[in-house]
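Residue numbers (our numbering), protein chains in the order written: chain A, 17 to 602; chain B, 17 to 602.
Each residue gets a CB set at the ideal place from its N, CA and C atoms; glycine is no exception.
Keep in mind that this is a model prediction, so the values were computed, not measured.
The structure appears below as structure tokens.
Below is the structure:
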């Protein structure tokens with residue numbers, strides 16, 4: 017062992033002891049007659065001291081040759097520090113060094129290894145191993161492992177069995193694009209990497225393993241938007257002999273346990289909302305309910321007054337911005353520009369100031385009297401001092417635009433407090449959504465989701481209206497989990513595939529094994545999957561998953577540290593019976 | 017919830033209670049006036065009873081239509097069983113059914129869902145979800161998850177952090193063949209699936225994460241021998257600021273914890289042996305030390321007597337078969353044929369019977385007197401009643417052949433008791449091994465293994481003699497873990513790559529990131545990886561890993577349940593900029 021203690025463990029209690037430490041040189045202050053070195057390891061920082069009076073000349077000389085990030089082993093005596101730093105655990109002591117062994121030198125690091133670094137994103141990614149030495153990244157990774165342990169401890173305690181499902185599976189056309197793996201032994205054939213272990217966990221239910229979970233890597237070959245990764249981690253769960261209510265309760269228990277054991281936060285029973293309510297009230301299927309600004313529908317009380325922007329529109333809807341009445345015209349104009357950007361796409365904003373004296377002043381005073389504006393204030397739950405902002409147009413689009421505005425305002429007003437945790441179940445999702453591009457229905461969740469029994473008669477007559485036994489768990493405006501009760505009989509599954517445009521042959525070729533399984537005593541079952549990267553980053557009070565992944569990829573799907581992907585040899589291609597058909601010469 | 021209790025939970029204490037169960041029909045006995053049904057779930061079996069006297073006629077009628085593996089929900093009253101079965105936990109009670117709901121029917125299963133099934137390997141794999149319902153497979157999977165939890169609990173308790181490393185990495189020519197993944201976004205380039213997270217865990221050490229572990233999937237595109245899988249699971253571990261001794265102690269602790277917590281077995285301190293000793297004493301670098309039959313080297317006491325089979329050979333070596341003196345000539349002939357098979361490749365066997373009366377009788381009495389044979393008995397530690405079997409020839413080959421014979425005899429004599437656990441550290445492995453085919457040295461462990469400091473001077477002069485700080489953990493004749501102290505300085509790593517035939521350019525292209533990292537303060541580090549599938553199967557008292565994997569692949573790397581790998585669409589190939597170059601028309 018290279019050390020007797022860690023750099024975070026020595027306190028005043030150890031004064032007088034001879035100890036050995038090993039770590040990295042964080043900082044050196046050389047005053048000539050005395051040198052202080054901050055020595056860092058995973059556990060903290062300990063101050064070393066060398067001086068002309070007490071330190072052997074050769075040791076002092078060696079200390080002078082140290083540089084940042086050198087790795088050293090030192091032996092010394094714990095002494096009381098003259099100027100104590102009570103902010104750090106080791107701040108009352110320092111180590112008078114008697115022996116110094118250089119374990120490895122270091123070139124000058126390309127960025128500072130401090131909590132706030134001067135390194136840009138690309139540099140930090142290329143030298144990720146140096147970035148990981150920094151406290152914020154290190155603590156994120158440690159936190160992630162703690163969350164994983166909390167998940168495993170809770171679920172194991174509840175009788176769930178962690179079962180590993182295969183990574184080399186079969187490509188299916190439904191859903192996102194698969195990563196594929198050419199098989200050398202099965203010429204011309206490919207494995208696919210799983211987008212999720214969905215069918216396998218269902219087969220485990222058919223196999224009688226009534227409580228399954230797995231913390232598992234999943235893969236999607238999508239064009240990467242900001243903060244998406246081609247490989248990501250899921251907490252994947254499934255239960256048999258349960259109804260939706262049982263699943264909500266089981267995983268509310270898990271979420272509560274995680275928050276309690278990793279953040280010390282105790283939560284009340286999670287509120288629930290239907291998809292329909294969420295869309296009407298927040299314009300969003302993952303509403304952030306840490307703050308108000310719920311939508312007030314004004315269509316009935318805003319149309320028929322001759323205001324052409326509102327009349328004839330499908331929906332007029334507003335929100336009350338808390339303490340927004342003081343907003344200047346300039347600020348309103350800026351917000352109006354913000355909602356008109358192509359990313360939001362609204363046509364404009366109507367505003368109503370609910371002034372401190374109780375009077376109402378609006379941009380549409382020409383069309384509406386106080387009494388009407390008062391009704392708007394009621395519908396949007398505005399209080400004196402608030403500002404009401406209103407949009408109108410196609411219902412779906414307007415709701416989405418107002419939701420964008422609501423989130424932007426919350427951000428500007430500091431209402432998205434990362435220390436507050438507001439979970440929410442959104443239930444009764446539609447089974448299908450219409451896809452304009454392909455001109456057919458797509459599964460909103462996935463093709464294995466069960467329609468609500470009472471809606472099954474509408475499957476062929478009014479598919480868009482059919483609700484599913486599907487649910488999302490939302491935390492602070494992010495979907496952290498989603499799941500459903502699954503279909504467990506062959507005929508419903510066949511109807512579903514047909515509805516999604518599969519021919520019988522296609523359905524059989526892709527999912528024949530699952531439909532076969534349904535004929536051998538498949539129990540009722542359902543489950544949920546949590547996006548683990550996202551969950552950890554929200555719990556960690558941040559919204560960038562990359563900071564919680566040890567070795568993330570960039571937006572082109574590249575690992576710039578190891579420089580992957582990369583070309584492979586002709587020999588490898590040959591063995592796999594494939595050839596490149598490059599379209600672009602590099 | 018579909019049930020109030022499980023099929024394993026009701027006992028005499030519950031008599032009189034009204035309960036609801038859900039599960040599968042295991043067995044039906046229809047006596048006309050009374051029907052008994054065994055209802056099964058993950059937790060056990062409960063006997064249901066329907067009879068003409070006490071059961072509603074329509075319920076009884078429904079019960080008659082049940083078949084094997086039907087899924088039902090039943091409500092009933094717990095009553096005392098007339099003929100109790102004290103061998104099962106629920107054997108004192110039965111359930112008088114009042115309500116019966118059919119949840120799903122089942123076709124007749126293709127094999128019996130019993131502990132001993134009539135299903136062949138292929139059928140069981142195709143319907144793996146039915147195989148998993150069988151107790152032995154189900155219990156193996158549950159056991160596997162228990163072992164994983166024990167590993168995580170122990171290592172977390174010891175301050176290890178579980179960190180997920182990427183699955184989409186870069187192909188390297190060293191080691192086994194990689195599975196590759198074409199990148200759509202990076203035209204003409206490929207990811208590779210990791211054969212192990214080796215370089216990433218070393219980078220974590222450079223990153224200061226001084227205790228890392230991960231239970232992680234690894235991939236090797238090898239021609240599959242029996243009981244190899246293209247994807248397999250490792251317990252991957254690494255520590256910084258440690259020496260070999262620290263690692264052996266840390267993971268001896270882990271192994272002891274696993275055995276205690278999953279098998280209730282407490283072990284003494286693990287014995288250790290050098291590679292050299294293991295080869296001389298057992299002809300094998302993973303000796304099974306549950307039994308004796310250690311090698312006795314007879315070269316000095318067997319040559320020079322005019323026996324041409326021994327004279328001039330590099331090695332004469334024998335083992336004493338306990339209580340083997342009674343072996344018949346026929347049995348000896350059969351053993352001789354066994355060692356002459358091409359799989360073993362020996363030329364023959366010389367035998368010496370150490371008879372009960374203390375006299376010695378051999379197949380070579382013409383050449384050797386009793387005094388000499390007595391020396392052989394001493395060298396092989398033979399006792400009266402034993403049989404000494406002897407081989408001669410090239411040292412390496414003969415040791416390997418005698419090792420095969422030793423293991424075969426142990427099997428025949430029932431000495432490989434799965435309930436006994438005999439761990440062993442084998443240390444001081446050679447750094448390199450000569451590869452006849454490529455005419456160069458290969459890394460015995462991997463290119464990152466550190467030579468022993470005292471052997472470094474021989475690196476270029478006598479590479480084959482250089483020992484490594486490498487070690488294997490052997491359990492019952494199987495290598496369950498292996499690791500090494502790693503190189504942590506750039507120059508040694510460069511020398512190593514050169515020795516292995518890498519040009520500077522190749523080394524830089526493949527492992528430049530690692531050698532760069534070594535220049536920024538890499539600490540001394542080392543680690544180990546356990547083959548999790550193998551470990552679990554040995555702990556489970558079996559030697560076939562396939563029985564401990566939920567969805568294994570067959571020897572052609574196929575998942576015959578989902579029928580993967582499979583062809584993919586032209587569109588997919590196109591997007592990936594690859595084409596098939598099939599050599600064999602299907």
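Give the interface partners of residue i over in chain A, defined as CB-CB distance under 7 Å, in chain order.
| i | result |
| --- | --- |
| residue 182 of chain B | 247, 567, 575 |
| residue 11 of chain B | With chain B covering only 17 through 602, there is no way to say anything about residue 11 of chain B. |
| residue 58 of chain B | 224, 225, 226 |
| residue 61 of chain B | Under the 7 Å cutoff, chain A gives no residues; its nearest Cβ is about 12 Å from residue 61 of chain B. |
| residue 161 of chain B | 177, 178, 179 |
With a threshold of 8 Å between beta-carbons, can residue i be considered close to chain A, or not?
| i | result |
| --- | --- |
| residue 177 of chain B | yes |
| residue 520 of chain B | no |
| residue 582 of chain B | yes |
| residue 512 of chain B | no |
| residue 149 of chain B | yes |
| residue 602 of chain B | Note that residue 602 of chain B scores 47 on pLDDT, short of 50, meaning its location in the model is unreliable; the coordinates nonetheless yield the value given after this. Chain A contact via Cβ: present. |
| residue 53 of chain B | no |
For residue i, return the contacting residues in chain B, with the cut-off set at a CB-CB distance below 9 Å.
| i | result |
| --- | --- |
| residue 579 of chain A | 186, 525, 528, 529 |
| residue 85 of chain A | 536, 537 |
| residue 17 of chain A | 257, 258, 259, 261, 262 |
If we call anything under 8 Å between Cβ atoms a contact, is residue i one with residue j?
| i | j | result |
| --- | --- | --- |
| residue 543 of chain A | residue 90 of chain A | no |
| residue 36 of chain B | residue 19 of chain B | yes |
| residue 115 of chain A | residue 75 of chain A | yes |
| residue 323 of chain B | residue 418 of chain B | no |
| residue 496 of chain B | residue 562 of chain B | no |
| residue 466 of chain B | residue 503 of chain B | yes |
Is residue i close to chain B? Criterion is C-beta to C-beta, closer than 8 Å.
| i | result |
| --- | --- |
| residue 456 of chain A | no |
| residue 40 of chain A | yes |
| residue 504 of chain A | yes |
| residue 540 of chain A | yes |
| residue 164 of chain A | yes |
| residue 132 of chain A | no |
| residue 80 of chain A | no |
Taking residue i as the query, report the chain A residues whose CB atoms sit under 8 Å from its CB, ordered along the chain.
| i | result |
| --- | --- |
| residue 516 of chain B | Those do not exist, as residue 516 of chain B stays about 17 Å from chain A at its closest Cβ, beyond 8 Å. |
| residue 572 of chain B | 201, 202 |
| residue 285 of chain B | Those do not exist, as residue 285 of chain B stays about 18 Å from chain A at its closest Cβ, beyond 8 Å. |
Taking Cβ-Cβ distances shorter than 8 Å, what residues in chain B pair up with residue i?
| i | result |
| --- | --- |
| residue 145 of chain A | 219, 220, 222, 223, 533, 536 |
| residue 157 of chain A | 177, 179, 225 |
| residue 216 of chain A | 566, 567 |
Identify the residues that DSSP records as bridge partners of residue i: which are they?
| i | result |
| --- | --- |
| residue 248 of chain A | A/234 |
| residue 67 of chain A | A/50 |
| residue 617 of chain B | The requested residue 617 of chain B is not part of the displayed model; chain B covers only 17 to 602. |
| residue 336 of chain A | A/404 |
| residue 185 of chain B | B/208 |
| residue 541 of chain A | A/256 |
| residue 122 of chain B | A/536 |
| residue 313 of chain B | B/333 |
| residue 40 of chain A | A/56, A/87 |
Name the chain E residues that come within less than 7 Å of residue i, Cβ to Cβ?
| i | result |
| --- | --- |
| residue 593 of chain A | Structure shown: chain E not included; protein chains present are A and B. |
How would you list, in chain order, the residues of chain B whose beta-carbon sits under 7 Å from the beta-carbon of residue i?
| i | result |
| --- | --- |
| residue 167 of chain A | Residues of chain B passing the Cβ test: none, with the nearest at roughly 11 Å. |
* To do: Could you list the residues in the region 482-493 of chain B with a C-beta less than 8 Å from some C-beta on chain A, going in chain order?
  => From the region 482-493 of chain B, no residue has a Cβ closer than 8 Å to chain A.
* Asked: Quick one, which residues of the region 546-559 of chain B are near chain A if we go by CB-CB under 8 Å, in chain order?
  -> From the region 546-559 of chain B, no residue has a Cβ closer than 8 Å to chain A.
* Within 8 Å of chain A by C-beta, residues of the region 100-127 of chain B in sequence order -> So the list reads 119, 120, 121, 122, 123, 125, given in the order they occur along the chain.
* Using Cβ-Cβ distances below 9 Å, what residues of the region 191-207 of chain A are close to chain B? -> Cβ contacts with chain B: 193, 194, 195, 196, 197, 198, 199, 200, 201, 202, 203, 204, 205, 206, 207.
* Asked: Taking any Cβ of chain B, which residues in the region 233-247 of chain A have a Cβ under 9 Å from it, in chain order?
  -> Residues of the region 233-247 of chain A with a C-beta atom less than 9 Å from some C-beta of chain B are 233, 235, 237, 239, 240, 246, 247, listed in chain order.
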